[in-house]
Amino acid sequence: MLDLTGTSALSRSPISSSEQVFLDCEQARILVVDDHPSSRMTAVALLSVEGYEVLEAASGAAALKLVVESNPDLILLDVMMPGMDGFEVCRHLKEDEQTRLIPVVFLTALNDRRSRIKGIEVGGDDFLSKPFDRLELAARVKSLVRQKRLNEDLDHAEQVLFSIASAIESRDPVTGDHCERLVALGKAFGEYIQLSRAEIRDLSWGSYLHDIGKVGIPDAVLLKKGPLTPEEREIMNEHVMIGERICKPLRTMRGVIPIIRHHHERWDGTGYPDGLVGEDIPYLAQVFQIIDIYDALTSERPYKRAFTSQEALEVITSETQKGWRNPQLVEQFTEFIRTKWHSPAS
Ligand SMILES: [Fe+2]
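Here this note's numbering is used: the first residue of the sequence shown is 5, the next is one more, and so on.
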């Protein structure tokens, strides 16, 4: 445990053994933003003693510049500052993909309820009252830095998955920038049928990750020229289950997994892997399947030219008549393509 209660804090050894483990891999960097030199210096002194690298900024604008240059692990941010106040600084940071994961701790006056509510609204992660309680400061900082590192790990794990997916795509020379086009089409059609933002995000991620399980399919099957034997087809079909297993440990993949597992189901139950029928097929998997097929049809492949939009819709309609697709959804998709979507192939 930290020993911050005594007056000897400033003179004791900077890092206790338990903190050493935590800080060993990389010294955490804290940015203190406060226009009052005295309270800034207090925070800097306390944090330096704890073994953190501490940076200082005396204004919101200076803080934003320093964040970009130094990528701190945590920001202690005064609320009341001339010019850009703390809320505005926080809003900027949380809107930016590069800085949104950096925890922001607002420094407020004790019992300043309004500031706390506003701080939550702009995405602040925690609050500390001035004057500082040393013990509280150390505990909050430690826990938020640790949380940030965990979040970063999670983000890295997602990035690894996307890298694997793009490596698989690059092994298949016929698909080109299939995923990018799926993302654009999925977003536009998703908005058209009023999917939520989270569902559209899942659809976008599904566009990249739906075939990630192909990483577990032997080259002899995956890259075989010519038709697959029934045994090879069975092996190939396993990609949906392999993909599910790869992504399942990540909480953020929860909405994407139904797309990965069920993007080859058919409305009449003749698809795989579960032979689900009708509305039992997860809705996003149904949506994804239609945009995936439409993109494949309207793209050029070594064995076929790019179909026009009209031809692609005719193929999808005939598949729907065979019982493979959700008729209502296909109707919406047809309407969307005819009225809203201007594909280069149309
Ligand atoms: Fe697939």
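Where is the CB? At the ideal position from N, CA and C, for every residue including glycine.
I365 (DSSP reduced to helix, strand or coil)
Summary: the structure shown does not reach residue 365, with the chain confined to residues 5 through 350, and so no result is reported for it.
Pull up the CB-CB distance for L186 and I295, whole angstroms please, since I reckon it's below 8 Å.
Taking the sequence shown and counting its residues from 1, one reaches residue 186 at position 182. Taking the sequence shown and counting its residues from 1, one reaches residue 295 at position 291. Right, the Cβ-Cβ distance comes to about 6 Å (below 8 Å), so this counts as a contact.
Taking Cβ to Cβ, would you say A171 is nearer than 8 Å to Y212?
Taking the first residue of the sequence shown as position 1, residue 171 is located at position 167. Taking the first residue of the sequence shown as position 1, residue 212 is located at position 208. Not a contact, by the Cβ cut-off of 8 Å.
What residues come near ligand 2, if near means a beta carbon less than 6 Å from any of its heavy atoms?
Among the ligands in the structure shown, ligand 2 does not appear; only ligand 1 can be found there.
So R33 and D100 are supposed to be a Cβ contact under 8 Å. How far apart are they, rounded?
Residue numbering aside, residue 33 sits at position 29 when the sequence shown is read from its first letter. Residue numbering aside, residue 100 sits at position 96 when the sequence shown is read from its first letter. The pair is not a contact, with the Cβ atoms about 18 Å apart (cut-off 8 Å).
Between A316 and L301, which are expected to be in contact by the criterion C-beta below 8 Å, what is the C-beta distance as a whole number of angstroms?
To locate residue 316, count along the sequence shown from 1; it is residue 312. To locate residue 301, count along the sequence shown from 1; it is residue 297. A316 to L301, Cβ: 4 Å. Contact.
Span separating the alpha-carbon of L165 from that of E195
For the purposes of this step, residue 165 is taken as residue 161 along the sequence shown, with counting starting at 1. For the purposes of this step, residue 195 is taken as residue 191 along the sequence shown, with counting starting at 1. Taking the straight line from one Cα to the other gives about 26 Å.
Which residues bound the alpha helix (DSSP H) around E339?
Here residue 339 corresponds to residue number 335 of the sequence shown, with the count starting at 1. Taken as a continuous stretch (DSSP letters only), the alpha helix (DSSP H) holding E339 covers 331-343.
Within 10 angstroms of its Cβ, does E269 collect 16 or more other Cβ (buried), or is it exposed?
Here the question's residue 269 lines up with position 265 in the sequence shown. Under this definition E269 is a buried residue.
Determine the DSSP secondary structure at A61, reduced to helix, strand or coil.
Locating residue 61 in the sequence shown gives position 57, counting from the first residue. Note: A61 maps to strand in three-state DSSP.
What does a CB cutoff of less than 6 Å around G286 pick up in its chain, not counting 5 residues either side in sequence?
In the sequence shown, residue 286 corresponds to position 282, counting from 1. Per the sequence shown, the amino acid found at residue 286 is Pro instead of Gly. Counting only Cβ-Cβ distances below 6 Å, and skipping sequence neighbours, we find P262, H266.
Contacts around R144, its chain only, beta-carbon distance under 8 Å, and the 5 residues preceding and following it disregarded:
As a working mapping, residue 144 is identified with position 140 in the sequence shown. Here the set comprises V109, D130, L132.
If you compare alpha carbons, which of D157, R329, L105 is closest to R255?
The residue you call residue 255 lines up with position 251 of the sequence shown. Answer by Cα proximity: D157.
DSSP beta-bridge partners of S147:
Residue 147 sits at position 143 when you count from the first residue of the sequence shown. Paired residue(s): none; S147 is not in a bridge.
At what residue ranges does the region 81-163 contain a whole run of the beta strand (DSSP E), taking only runs of 3 or more?
108-113, 130-134
If you follow the beta strand (DSSP E) that L199 is in, where does it begin and where does it stop?
Looking up residue 199 in the sequence shown gives position 195. Unbroken run through L199: none, as it is neither H nor E.
Which term fits P107, buried or exposed, when burial requires 16 or more other beta carbons within 10 angstroms of its beta carbon?
As a first step, residue 107 is located in the sequence shown; it is residue number 103 there, counting from the start. So P107 counts as buried.
Give the list of continuous beta strand (DSSP E) stretches no shorter than 3 residues that lie fully inside the region 242-272.
none
Which of the three DSSP states is assigned to K308 in this structure?
Position 304 of the sequence shown, counted from the first residue, corresponds to residue 308. Three-state result, K308: strand.
Suppose contacts are defined by Cβ-Cβ distances below 8 Å. Is M85 in contact with G64 by that definition?
Start at 1 with the first residue of the sequence shown, and residue 85 comes out as number 81. Start at 1 with the first residue of the sequence shown, and residue 64 comes out as number 60. Going by C-beta atoms, M85 is nearer than 8 Å to G64.
Please list, in chain order, all residues of the same chain as G220 whose beta carbon is under 6 Å from its beta carbon, the five residues on each side excluded.
As a first step, residue 220 is located in the sequence shown; it is residue number 216 there, counting from the start. The residues are I246.
Classify I216 as buried or exposed, calling it buried when 16 or more other Cβ atoms lie within 10 Å of its own Cβ.
In the sequence shown, residue 216 corresponds to position 212, counting from 1. Result: buried.
Alpha carbons only, please: which of N115, F337, P306 is nearest the one belonging to V318?
The count along the sequence shown starts at 1 and reaches residue 318 at position 314. Note that residue 318 is Glu in the sequence shown here, rather than Val. That would be F337, whose Cα lies nearest to the Cα of E318.
Measure from the alpha carbon of R120 to the alpha carbon of each residue in A49, L139, D137, C94, then state which is nearest.
One-based indexing of the sequence shown puts residue 120 at position 116. It is C94 whose Cα lies nearest to the Cα of R120.
What did DSSP end up calling A349 once you bin it into helix, strand or coil?
Start at 1 with the first residue of the sequence shown, and residue 349 comes out as number 345. Any reading at A349 must be qualified, since the residue scores a pLDDT of 44, below 50, and its modelled position is unreliable; the value itself is stated next. Residue state, collapsed to three classes: coil.
Own chain partners of A161 with C-beta closer than 7 Å, once the 5 adjacent residues on each side are dropped
Start at 1 with the first residue of the sequence shown, and residue 161 comes out as number 157. Counting only Cβ-Cβ distances below 7 Å, and skipping sequence neighbours, we find L254.
Within the continuous beta strand (DSSP E) that includes L35, where are the two ends?
For this step, residue 35 is matched to residue 31 along the sequence shown. Looking at the DSSP string, the run of the beta strand (DSSP E) that includes L35 is 33-37.
F91 and K122 - do their beta-carbons sit closer together than 8 Å?
Here residue 122 corresponds to residue number 118 of the sequence shown, with the count starting at 1. Here residue 91 corresponds to residue number 87 of the sequence shown, with the count starting at 1. Cβ atoms of K122 and F91: closer than 8 Å.
Tell me the rounded alpha-carbon separation between A67 and D299.
For the purposes of this step, residue 67 is taken as residue 63 along the sequence shown, with counting starting at 1. For the purposes of this step, residue 299 is taken as residue 295 along the sequence shown, with counting starting at 1. Spanning the two alpha carbons is a distance of roughly 45 Å.
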